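Undergrad: My questions will all concern the structure given below.
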Amino acid sequence: SDTAPLRRGLPIPQGISKPTFLSAVDELRKLLGTEHVLLNDKEIKNGWYMESPNTHDMMPLFDSEEFIASAVVYPGSVEDVKLIVKWANRHLIPLFPISIGRNLGYGGSAPRVRGSVTIDLGHRMNRILDINADDFTCLVEPGVTFYALHEELVKRGLEDKMWIDTPDLGGGSVIGNTLDRGVGYTPYGDHWACHSGLEVVLPGVGEKGDVSVLRTGMGALGVGGENTWQCFPYGFGPYNDGIFSQSNFGIVTKMGMTLMPNPGGFESFMYTFANESDLAPLIEIIRPLRISNILENVAQLRHGLQTLSVKGLPRTEYFAGSGPMPDDVVRKHLRKTATGECAWVYYGMSYGPAHIRGHKLDVIDKEFHRIPGCRRIDPSTLPADEYFWSRDRIASGTPDLEELKWVNWMPNGSHIAFSPVSPIRGKDAENLFALARKRHAEAGIDLMPAFCVGLREMHLIVEIVFDAEDAEIKRKAEKCLRDMIDDAAKLGYGEYRTHLALMDQVAGTYSWNDNALMKFNNTLKDALDPNGILAPGRCGIWPERYRNRGWEL
Ligand code: ADP
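Start counting the sequence shown at 127; every next residue gets the next number (the working numbering).
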């Protein structure tokens, strides 16, 4: 029922008694208004994607009450955020900022430290502060989703002039996704590279009890940088933005973003490749095409199994056995789809007016056909509900949700990602595919790899889909992920992003020269956040108060 308590009780932050914590929460309520502070003492609930919870990871790899907030606070302004930071420093209570909290596969809205107070920035701070139709830029608050930004362009009649870039799922926050270095599928897909200017509340409190707010780049100018803030990301002096992404050094309250001019036409295309062994030669063909921008957006090469799973039916519709679905079964079912029997499917888009696209598409067609058995699927033969059209919308800047469907593959479907990066080389693709295959076979889990080619690198995204109610499969999934991270590190590959549960391990693989990078991050952490209140443990960075005291996983 609505009033059932949490199984493990209210998750009080470590080192504080319950009465002390509750009186601190009362104090916070007085500061911000009672209705803006919620205690997380009721049974946790998972809504669907658009109603995702802000208290925990709705796709938990461990016990569902492990990574969980003690309370959620809803600031309405930068001043509120400063009050919260001061409060946390007074009581030594860990804070965990989220923008929207739909970071699914990487921890959702959950804090790394059980009992942290989550700052849900997006709930009330959700204004689009500016869309500049001359400069093709915007300035947003944390609660602005890709959907909201897109809708605003439509509302202002600007969609024929400019596009946003959206990731696979459009319900996330522009700021949250960019800070976690997420990607999208237009030529502006590298969100971090496309941002310009941050406003950041720092976690420390000065001697006079003050909290600092800074603006990066041109925003640091005395006038606040309203002039060039979103046009030139660097400003003068050290370029500091980087330390606020995938970190726990500050709370971002504003961010500038560049918008893409409407290219005057676009055309999606899809190719299939017959054999798994086509992977290496195909990647060799993709590299020069991508680097020279003949392939203009993130090149997505997906395993055929994903074309099945994204139809949204449970795995049992296709296969009743246990262990990874055999290849001949995948092929048999693919034969009945519009995609046809294949090992790999390539999704791409060409931009510009028809005469410009035609030239590029001809080059691509000729190059891809160097692989025997390559087939171009004519989009006009594809029904309107085919996944291809979801990719078409995303690559042309229209947010979408189709990608959620493959979560239905398992009951209580959850997913968690293994996301290593490598150069765009056939050998690297083979290495990563082979190690993922081996570890998935050992764990008895279906392998669904997608290679996403940026510009000079590729991300391999392997999503493990699991039943969140099945403790045994969760243990196997965790082992599979940990083995893949270690195997990859030995071969010189590292992850670009990871789930809360795996952050220490992934950070540990970036160990060159006696962990020089983590030592530097620790130095920054201790200087900026001496009380260690902000997102302890995020991306493997622990404040001194927690470091080497058994928190690392
Ligand atoms: P999305 O909903 O777009 O997927 P989230 O809001 O879940 O993104 O953000 C992803 C992660 O980035 C969060 O878990 C948090 O660690 C960090 N983050 C998000 N927003 C902020 C912010 N405004 N300031 C600092 N860190 C943030």
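Heads up, the beta-carbon is just placed ideally off N, CA and C, and yes, glycines get one too.
Only a predicted model underlies this, so the values are computations on that prediction, with no experimental measurement involved.
Measure the alpha-carbon distance for Ser371 versus Leu527 and round it to whole angstroms.
TA: Position 245 of the sequence shown, counted from the start, is the residue given in the question as residue 371. Position 401 of the sequence shown, counted from the start, is the residue given in the question as residue 527. When rounded, the distance between both Cα atoms is 25 angstroms.
Undergrad: Quick one: which unbroken alpha helix (DSSP H) runs of 4-plus residues sit fully inside the segment 510-576? Chain order, please.
TA: 513-521 and 552-569
Undergrad: Assign Leu279 to one of three DSSP states: helix, strand, or coil.
TA: Within the sequence shown, numbered from 1, the residue matching residue 279 stands at position 153. Helix, per DSSP.
Undergrad: Can you tell me whether Ser127 is buried or exposed, with buried defined as 16 or more other CB within 10 angstroms of its CB?
TA: Counting from 1 along the sequence shown, the entry for residue 127 is found at position 1. Unreliable positioning characterises Ser127 in this predicted model, as indicated by a pLDDT of 45, which lies under 50. A coordinate reading is not provided.
Undergrad: Do Arg565 and Met629 count as a contact pair if the criterion is CB distance below 7 angstroms?
TA: Along the sequence shown, one-based indexing puts residue 629 at 503. Along the sequence shown, one-based indexing puts residue 565 at 439. The answer is no: Cβ separation not under 7 angstroms.
Undergrad: Buried or exposed, going by whether 16 or more other CB atoms sit within 10 Å of the CB of Glu161?
TA: In the sequence shown, the residue the question calls residue 161 occupies position 35. Burial call: exposed.
Undergrad: From what residue to what residue does the beta strand (DSSP E) around Ile503 run?
TA: Here residue 503 refers to the residue found at position 377 when the sequence shown is read from its first residue. Residues Arg501 to Ile503.
Undergrad: Pull up the distance between the alpha-carbon of Gly552 and that of Ile412, whole angstroms please.
TA: Against the sequence shown, residue 552 aligns to sequence position 426. Against the sequence shown, residue 412 aligns to sequence position 286. Taking C-alpha positions only, Gly552 is separated from Ile412 by approximately 10 angstroms.
Undergrad: Grab me the residues of His182's own chain with a C-beta within less than 6 angstroms of its C-beta, minus the 5 sequence neighbours each way, in chain order.
TA: Numbered from its first residue, the sequence shown carries residue 182 at position 56. Excluding positions up to five away in sequence, the list reads Ile170, Ile194 and Ala236.
Undergrad: Specify, as a first and last residue, the run of the beta strand (DSSP E) that His429 falls within.
TA: Translated into positions along the sequence shown, residue 429 becomes position 303. Looking at the DSSP string, the run of the beta strand (DSSP E) that includes His429 is Ala425 to His429.
Undergrad: Is the segment 341-350 touching the segment 387-406 in the sense that three or more CB pairs, one from each, lie closer than 8 angstroms?
TA: Cβ pair count under 8 angstroms is below three, so no.
Undergrad: Would you tell me roughly how many angstroms separate the C-alpha atoms of Ile409 and Gly345, rounded to the nearest one?
TA: Taking the sequence shown and counting its residues from 1, the one referred to as residue 409 is at position 283. Taking the sequence shown and counting its residues from 1, the one referred to as residue 345 is at position 219. Their backbone Cα atoms lie some 41 angstroms apart in a straight line.
Undergrad: So, is Tyr365 buried or exposed, given that buried needs 16 or more other C-beta atoms within 10 angstroms?
TA: Translated into positions along the sequence shown, residue 365 becomes position 239. Exposed.
Undergrad: Could you pull the DSSP bridge partners for Val471 from this structure?
TA: For the purposes of this step, residue 471 is taken as the residue at position 345 of the sequence shown. Per DSSP, Thr398 and Arg428.
Undergrad: Measuring only the C-alpha atoms, how far is Asp260 from Asn419?
TA: The sequence position of residue 260 within the sequence shown is 134, counting from 1. The sequence position of residue 419 within the sequence shown is 293, counting from 1. Each residue's alpha carbon lies about 25 angstroms from the other.
Undergrad: Residues in the same chain with beta-carbon distance under 6 angstroms from His321, minus the five sequence neighbours each way, listed in chain order, please.
TA: Counted from its first residue, the sequence shown places residue 321 at position 195. Excluding positions up to five away in sequence, the list reads Thr304, Met381 and Met383.
Undergrad: Does the beta-carbon of Ile245, which I'm using as the reference point, lie nearer than 6 angstroms to any heavy atom of the ligand ADP?
TA: Counted from its first residue, the sequence shown places residue 245 at position 119. Because no heavy atom of the ligand ADP lies under 6 angstroms away, the Cβ of Ile245 does not count as near it: no.
Undergrad: Does the Cβ of Arg253 lie closer than 6 angstroms to at least one heavy atom of the ligand ADP?
TA: Along the sequence shown, read from residue 1 onward, the residue named residue 253 stands at position 127. No.
Undergrad: Under three-state DSSP, which class holds Pro223?
TA: For the purposes of this step, residue 223 is taken as the residue at position 97 of the sequence shown. Note: Pro223 maps to strand in three-state DSSP.
Undergrad: With distances taken from CA atoms, which of Arg608, Pro537 and Lys531 is nearest Pro546?
TA: If you number the sequence shown from 1, residue 546 lands on position 420. Measuring from the Cα of Pro546, the nearest candidate turns out to be Arg608.
Undergrad: Quick one: which unbroken alpha helix (DSSP H) runs of 4-plus residues sit fully inside the segment 299-378? Chain order, please.
TA: 300-305 and 317-320
Undergrad: Is Arg228 near the ligand ADP, judged by its Cβ being under 6 angstroms from some heavy atom?
TA: Start at 1 with the first residue of the sequence shown, and residue 228 comes out as number 102. Within the cutoff, so yes.
Undergrad: Beta-carbon separation of Trp677 and Gly663 under 7 angstroms?
TA: Walking along the sequence shown from the start, residue 677 turns up at place 551. Walking along the sequence shown from the start, residue 663 turns up at place 537. It is a contact, given that the beta carbons lie within the stated cut-off.
Undergrad: I want to check one thing, is the minimum distance from the CB of Asp306 to the heavy atoms of the ligand ADP below 6 angstroms?
TA: As a first step, residue 306 must be located in the sequence shown, where it is residue number 180. Yes.
Undergrad: Hey, would you say Ile542 sits closer than 7 angstroms to Ile590, going by beta carbons?
TA: Translated into the one-based positions of the sequence shown, residue 542 becomes position 416. Translated into the one-based positions of the sequence shown, residue 590 becomes position 464. Using a Cβ distance threshold of 7 angstroms, Ile542 and Ile590 count as a contacting pair.
Undergrad: Roughly how many angstroms lie between the CA atoms of Ile224 and Trp515, to the nearest whole one?
TA: As a first step, residue 224 is located in the sequence shown; it is residue number 98 there, counting from the start. As a first step, residue 515 is located in the sequence shown; it is residue number 389 there, counting from the start. When rounded, the distance between both Cα atoms is 31 angstroms.
Undergrad: What is the DSSP secondary structure of Val121, counted as helix, strand or coil?
TA: The structure shown does not extend to residue 121, since the chain is modelled only from 127 through 679, so no value can be given for it.
Undergrad: What I want to know is whether the C-beta of Pro268 ends up closer than 6 angstroms to one or more non-hydrogen atoms of the ligand ADP.
TA: Taking the sequence shown and counting its residues from 1, one reaches residue 268 at position 142. Yes; taking the cut-off as 6 angstroms, the Cβ of Pro268 has a heavy atom of the ligand ADP nearer than that.
Undergrad: Measure the beta-carbon distance from Ser196 to Pro137 and round it to whole angstroms, keeping in mind my assumption that it falls under 8 angstroms.
TA: Locating residue 196 in the sequence shown gives position 70, where the first residue counts as 1. Locating residue 137 in the sequence shown gives position 11, where the first residue counts as 1. Indeed, because the Cβ distance is near 5 angstroms, the residues count as touching under 8 angstroms.
Undergrad: Whose C-alpha, out of Asn172, Val331, Tyr636 and Glu393, is nearest the C-alpha of Asp488?
TA: Counting from one through the sequence shown, the residue named residue 488 turns up at place 362. If we check each option's Cα against that of Asp488, Glu393 comes out closest.
Undergrad: Using only the heavy atoms of the ligand ADP, determine whether one of them is closer than 6 angstroms to the beta carbon of Asn366.
TA: In the sequence shown, counting from the first residue as 1, residue 366 sits at position 240. False, no ligand heavy atom lies under 6 angstroms from that Cβ.
Undergrad: With Ala521 and Tyr311 assumed to form a contact (beta carbons below 8 angstroms), what rounded beta-carbon distance in angstroms separates them?
TA: Taking the sequence shown and counting its residues from 1, the one referred to as residue 521 is at position 395. Taking the sequence shown and counting its residues from 1, the one referred to as residue 311 is at position 185. Here Ala521 really is in contact with Tyr311; their C-beta atoms are around 4 angstroms apart, less than 8 angstroms.
Undergrad: Check for me: the alpha helix (DSSP H) holding Met629 runs from which residue to which?
TA: Translated into the one-based positions of the sequence shown, residue 629 becomes position 503. Element bounds for Met629: Met629 to Thr635.
Undergrad: Can you tell which of Leu165, Pro268, Thr524 and Pro498 has the C-alpha that lies nearest to the C-alpha of Ile377?
TA: Counting from 1 along the sequence shown, the entry for residue 377 is found at position 251. Ranked by Cα distance from Ile377, the options Leu165, Pro268, Thr524 and Pro498 are led by Pro268.
Undergrad: Less than 6 angstroms separating the Cβ of Ser545 from some heavy atom of the ligand ADP?
TA: For the purposes of this step, residue 545 is identified with residue 419 of the sequence shown, where counting begins at 1. Distances from the CB of Ser545 to the heavy atoms of the ligand ADP are all 6 angstroms or more.
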